[in-house]
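A short worksheet on the structure shown next.
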Amino acid sequence: MRAPGGSQGGREAVAGDILLSVEDVSLSFGGVKAVSGVSFDIRKGEIRAIIGPNGAGKTSMLNVINGFYHPQQGRITFKGEARPRMRPHDAAHGGIARTFQNVALFRGMSALDNIMAGRTLKMNANFFWQMLRYGPAMREEVEHRHKVEEIIDFLKIQEIRRTPVGRLPYGLQKRVELGRALAMEPELLLLDEPMAGMNLEEKEDMSRYILDMNDYFGTTVALIEHDMGVVMDLSDRVVVLDHGIKIADGTPDEIKGNQAVIDAYLGVAH
Amino acid sequence: MLYREAGQFKTSYASDQAIFPILQDRIGIVVILAVAFTLPLYADDFIVNAVMIPFLIFSLAAIGLNLLTGYTGQLSLGTGAFMGVGAYACYKLTTIWPDVNIIVWVVCSGFFSAAVGAVFGLPSLRIKGFYLAIATLAAQFFLEWCFIRIPWLYNENISGAIEVPQRELFNIIVTGPRATAETRYYVVLCLVVAMTWIASNLMHGRIGRTWMAVRDMDIAAELMGIRLLPTKLMAFAVSSFYCGVAGALMVFLWYGGAEPAVFNINQSFTILFMIIIGGLGSLLGSFLGAALIYVLPIALRFGPELLGLHMHAATVEHVTFMVVGILIIFFLIAEPAGLARLWQIGKQKLRVWPFPY
Chain L
1 MRAPGGSQGG
11 REAVAGDILL
21 SVEDVSLSFG
31 GVKAVSGVSF
41 DIRKGEIRAI
51 IGPNGAGKTS
61 MLNVINGFYH
71 PQQGRITFKG
81 EARPRMRPHD
91 AAHGGIARTF
101 QNVALFRGMS
111 ALDNIMAGRT
121 LKMNANFFWQ
131 MLRYGPAMRE
141 EVEHRHKVEE
151 IIDFLKIQEI
161 RRTPVGRLPY
171 GLQKRVELGR
181 ALAMEPELLL
191 LDEPMAGMNL
201 EEKEDMSRYI
211 LDMNDYFGTT
221 VALIEHDMGV
231 VMDLSDRVVV
241 LDHGIKIADG
251 TPDEIKGNQA
261 VIDAYLGVAH
Chain D
1 MLYREAGQFK
11 TSYASDQAIF
21 PILQDRIGIV
31 VILAVAFTLP
41 LYADDFIVNA
51 VMIPFLIFSL
61 AAIGLNLLTG
71 YTGQLSLGTG
81 AFMGVGAYAC
91 YKLTTIWPDV
101 NIIVWVVCSG
111 FFSAAVGAVF
121 GLPSLRIKGF
131 YLAIATLAAQ
141 FFLEWCFIRI
151 PWLYNENISG
161 AIEVPQRELF
171 NIIVTGPRAT
181 AETRYYVVLC
191 LVVAMTWIAS
201 NLMHGRIGRT
211 WMAVRDMDIA
221 AELMGIRLLP
231 TKLMAFAVSS
241 FYCGVAGALM
251 VFLWYGGAEP
261 AVFNINQSFT
271 ILFMIIIGGL
281 GSLLGSFLGA
291 ALIYVLPIAL
301 RFGPELLGLH
311 MHAATVEHVT
321 FMVVGILIIF
331 FLIAEPAGLA
341 RLWQIGKQKL
351 RVWPFPY
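Quick mapping for you: the protein sequence lines, in order, are chains L and D. Counting in the numbering used here, the first sequence runs without a single skipped number right up to 270 at its last residue. Counting in the numbering used here, the second sequence runs without a single skipped number right up to 357 at its last residue.
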């Protein structure tokens, strides 16, 4: 549905149904208002960027979507269903996966086991068969290993599958974390600064994986990123937060020309 | 040179997911099992009774604690008490229903321990690390108090201790003073082998991965859909099950009787030291730790005699303490992750020998 090399000069708009909508959400910690009265939506199949200066409330927004924080006010509708108090594992059941700003891999486990862990929800052999590691348990293990190998191939991390992730360089850790999120076959994937601390080449690789994933698996992506080049190239629509308030929402081209956004990033003369 | 996997091609994921994917490891495990099962044929009673039986029992308890602390990351100081629950449960069960197979009661006593462990695991949702250790310390003191203050638990015995009655299995005396070391050894060995195998299966599958996920990064684990409380409680239950069975075995097949002091805080510490030195999150480490802490001192006591030195018994004792202490420090400095890691590094070196990597 998207022309090859479509990332040049912005991407074609995706006009899918609304997958997730955030309506008038406010979140505060004591006297600190992290997010106030923010509304936006994410359409099925799009790459949606959330940007803003440091402390704008971007990560808080993701944590609200995930169910780590519960907003004091406002409503979140996912797949047409409003869930007032969602816990993180409910979000996982619903099909929301997430990567973290600072890598949150299971450090003591191999890359393979990390990605296998992403498939926990899809596995259901009971305790008895698990004890014997036979019958349904073993069948399931092999079946999911096939899926995981597909992801390993997709991310080109074959040679590190047996390496404990704690020993991998940062760029690869980020890639394994993406793999682990992909293993959940999410409908909505939240990426919190996937390119932070990467060099240009790694950023290009990561961008490629995000675009491919969006194309091949049809995964809807919401991403927070500070690299404006990446954001403008990758995303279909961008929402801009500043001090917990939404200041702009639109296509990358609209955002580039928006005066409020320019002021937020560059400051205004008083 | 012998330890190579060259030429061993995996043609299916099932064989790649095997617990011992390398042929030499499989041969090794068969050899170890063969030696273990034929040991009473050529070893004397002392080795079987005073070395092997306790070694296996301590290993089982260490596996129990390792499942909780090493794999799930929940620090516990209640091991001794959970072992005690197993021992007292087994005693009550076999004195109330003496006709039931004693092995059945030993295994069943694990369930009592599991239930108690799960209850004392409840605080783990809110607290972690050292603070959780203090919460489990409450279990240690409370349960020890129960063993002393509730006469029903030791059948109102005047001595306050439990004495193991004689029980037979297929006309062979398994427990009690008249049971032979050989019989007891085989019972312990079979249970330990079976339970180690089960633990290994669990840890290599989905359950093991969820436990390790909770240990390494609980926030991310929650996002994968892993519910923290049920996962932690299950770890507490399974871990306590292992400790409970180890406790029951300890009293029924080794000591032959026990007073509450057996299950005091020192026991908990001993098991904890075993898994720290052996290797957290490693089943092999549980065995190595038990060997270092329990078997090594015994072996060292015979050292001077074998070297032809005649030393005072008390001197030997002191020297043993010193040598064990030095070895513990040495191993921890050489590899803080434990003996199991040393073993792994050694294997890796062998695999690539003569090249450094």
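Here a beta-carbon is modelled for each residue, glycine too, at the ideal position from N, C-alpha and C.
Starting from the C-beta of residue i, find all residues in its chain whose C-beta is less than 6 Å away, skip the five residues before and the five after it, and write them out in chain order.
| i | result |
| --- | --- |
| residue 248/D | 86, 87, 90, 106, 109 |
| residue 206/L | 194, 195 |
| residue 8/D | 23 |
| residue 18/L | 41, 43 |
| residue 240/D | 82, 113, 114, 117 |
| residue 260/L | 247, 248 |
| residue 300/D | 320, 323 |
| residue 155/L | 175, 179 |
Exposed or buried, which one is residue i when buried takes at least 16 other CB atoms within 10 Å?
| i | result |
| --- | --- |
| residue 181/L | buried |
| residue 349/D | exposed |
| residue 1/L | Below a pLDDT of 50, predicted positions are generally treated as unreliable, and residue 1/L, at 40, falls in that range; no measurement from the model is reported. |
| residue 347/D | exposed |
| residue 379/D | This structure cannot settle anything about residue 379/D, because the visible part of chain D is limited to 1 through 357. |
| residue 48/D | buried |
| residue 156/D | exposed |
| residue 142/D | exposed |
| residue 214/L | buried |
| residue 252/D | buried |
| residue 305/D | exposed |
Smallest Cα separation from residue i: which of the options?
| i | options | result |
| --- | --- | --- |
| residue 226/D | 150/L, 199/L, 124/L, 227/L | 124/L |
| residue 101/D | 324/D, 170/D, 141/D, 57/D | 170/D |
| residue 375/D | 231/L, 260/L, 138/L | Outside the modelled stretch of chain D, which goes from 1 to 357, sits residue 375/D, for which no answer is possible. |
| residue 257/D | 127/D, 82/D, 279/D, 175/D | 175/D |
| residue 115/L | 221/L, 35/L, 141/L | 141/L |
| residue 280/D | 68/D, 349/D, 269/D | 68/D |
| residue 117/D | 61/D, 37/D, 47/D, 237/D | 237/D |
| residue 147/D | 80/D, 195/D, 123/D | 80/D |
| residue 246/L | 30/L, 55/L, 46/L, 204/L | 55/L |
| residue 123/D | 15/D, 217/D, 76/D | 76/D |
| residue 16/L | 239/L, 225/L, 219/L | 219/L |
| residue 186/D | 338/D, 5/D, 41/D | 41/D |
| residue 76/L | 136/L, 38/L, 264/L, 31/L | 38/L |
| residue 262/D | 4/D, 161/D, 274/D | 161/D |
| residue 140/D | 274/D, 340/D, 196/D, 78/D | 78/D |
| residue 340/D | 325/D, 282/D, 307/D | 282/D |
| residue 168/D | 297/D, 94/D, 229/D, 119/D | 94/D |
| residue 46/L | 161/L, 258/L, 234/L, 68/L | 234/L |
| residue 358/D | 12/D, 189/D, 165/D | Limits of chain D in this structure are 1 at one end and 357 at the other, which puts residue 358/D out of reach. |
Taking Cβ positions, are residue i and residue j nearer each other than 9 Å?
| i | j | result |
| --- | --- | --- |
| residue 291/D | residue 55/D | yes |
| residue 270/D | residue 293/D | yes |
| residue 83/D | residue 243/D | yes |
| residue 331/D | residue 342/D | yes |
| residue 208/D | residue 288/D | no |
| residue 190/L | residue 107/L | no |
| residue 71/L | residue 242/L | no |
| residue 159/L | residue 96/L | no |
| residue 104/L | residue 220/D | yes |
| residue 91/L | residue 223/D | yes |
| residue 121/L | residue 146/L | no |
| residue 195/D | residue 60/D | yes |
| residue 287/L | residue 119/L | The structure shown does not extend to residue 287/L, since chain L is modelled only from 1 through 270, so no value can be given for it. |
| residue 135/D | residue 120/D | yes |
Who are the near neighbours of residue i in its chain, counting only those whose CB is closer than 7 Å to its CB and skipping five residues on each side?
| i | result |
| --- | --- |
| residue 9/L | For residue 9/L, the predicted structure reports a pLDDT of 42, less than 50, and the residue's modelled location is therefore unreliable. A value from the coordinates is still provided. Nothing listed; no residue qualifies. |
| residue 202/L | 171 |
| residue 34/L | 27, 28, 57, 60, 244 |
| residue 264/D | 80, 144 |
| residue 3/L | Residue placement at residue 3/L is poorly supported in this model, since its pLDDT is 42, which falls under 50; the coordinates still yield a value, given next. Once the five neighbours on either side are set aside, residue 3/L has no close Cβ partner at all. |
| residue 328/D | 277 |
| residue 314/D | none |
Short of 8 Å in beta carbon distance, which residues of its chain neighbour residue i, apart from the five on each side in sequence? Order them along the chain.
| i | result |
| --- | --- |
| residue 151/L | 115, 179, 182, 183 |
| residue 33/D | 193 |
| residue 43/D | 52 |
Checklist entry - Which residues, in chain order, does the stretch 258-284 of chain D contribute to contact with chain L at a C-beta distance below 7 Å? => result If you check each beta-carbon in the stretch 258-284 of chain D against every beta-carbon of chain L, the ones closer than 7 Å belong to 281.
Checklist entry - What are the residues of the stretch 145-161 of chain L that lie near chain D, defined by any Cβ-Cβ distance shorter than 8 Å? => result Within the stretch 145-161 of chain L, the qualifying residues are 145, 146, 149.
Item to check | Chain-ordered residues of the stretch 290-321 of chain D with a beta carbon less than 8 Å from chain L | outcome: For the stretch 290-321 of chain D, the set of residues with a beta-carbon nearer than 8 Å to any beta-carbon of chain L is empty.
Checklist entry - When Cβ atoms are compared, which residues of the stretch 202-230 of chain D fall closer than 8 Å to chain L? => result Among the residues of the stretch 202-230 of chain D, those with a Cβ less than 8 Å away from any Cβ of chain L are 202, 204, 205, 206, 207, 209, 210, 212, 213, 215, 216, 217, 219, 220, 221, 222, 223, 224, 225, 226, 227, in the order of the chain.
Item to check | Residues in the stretch 46-74 of chain L having any Cβ partner in chain D nearer than 7 Å | outcome: Per Cβ criterion, the list reads 66.
Item to check | Contact list for the stretch 58-69 of chain D against chain L, Cβ threshold 9 Å | outcome: In summary, no residue of the stretch 58-69 of chain D has a CB separated from any CB of chain L by less than 9 Å.
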